[in-house]
Amino acid sequence: VKFPIMEKTSVTSNFANPIFKELTKITGEAPQWNFHKYLISKNGKEVISFRSGVSPNDENFQAKLKLFLSED
Numbered sequence: 707v708k709f710p711i712m713e714k715t716s717v718t719s720n721f722a723n724p725i726f727k728e729l730t731k732i733t734g735e736a737p738q739w740n741f742h743k744y745l746i747s748k749n750g751k752e753v754i755s756f757r758s759g760v761s762p763n764d765e766n767f768q769a770k771l772k773l774f775l776s777e778d
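Quick note on this note's numbering: the sequence shown kicks off at 707 and runs consecutively.
Written out as structure tokens, the structure is:
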């Protein structure tokens with residue numbers, strides 16, 4: 707990659723990183739705390755937002771993750 711992958715970035719407000727602005731626009735949900743999760747389908751047409759309180763082991767999160775990973 708040719709961009710800083712470990713640099714801090716803003717995820718809300720007018721200073722938000724463009725990717726987070728777009729994810730917020732698409733899902734209607736901006737990150738409110740650490741560990742907010744966005745799942746993006748392989749074709750990029752579906753984006754799902756999961757709040758910080760949702761565990762990565764949550765059944766719904768896992769089901770969507772598996773579905774997105776299995777797409778052709």
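Built from N, CA and C at the ideal position, the CB exists for glycine as well. Quantities reported herein were computed from a predicted structural model and do not represent experimental measurements.
Asked	Found
Are V707 and I732 close, meaning C-beta to C-beta below 8 Å?	no
Leaving out five residues before and five after F741 in sequence, what residues of the same chain have Cβ atoms less than 6 Å from its Cβ?	S758
Suppose contacts are defined by Cβ-Cβ distances below 8 Å. Is L729 in contact with F774 by that definition?	no
Any idea which residues DSSP pairs V753 with across the strands?	I746
Return the CA-CA distance between A769 and E735, expressed in angstroms with no decimal places.	20 Å
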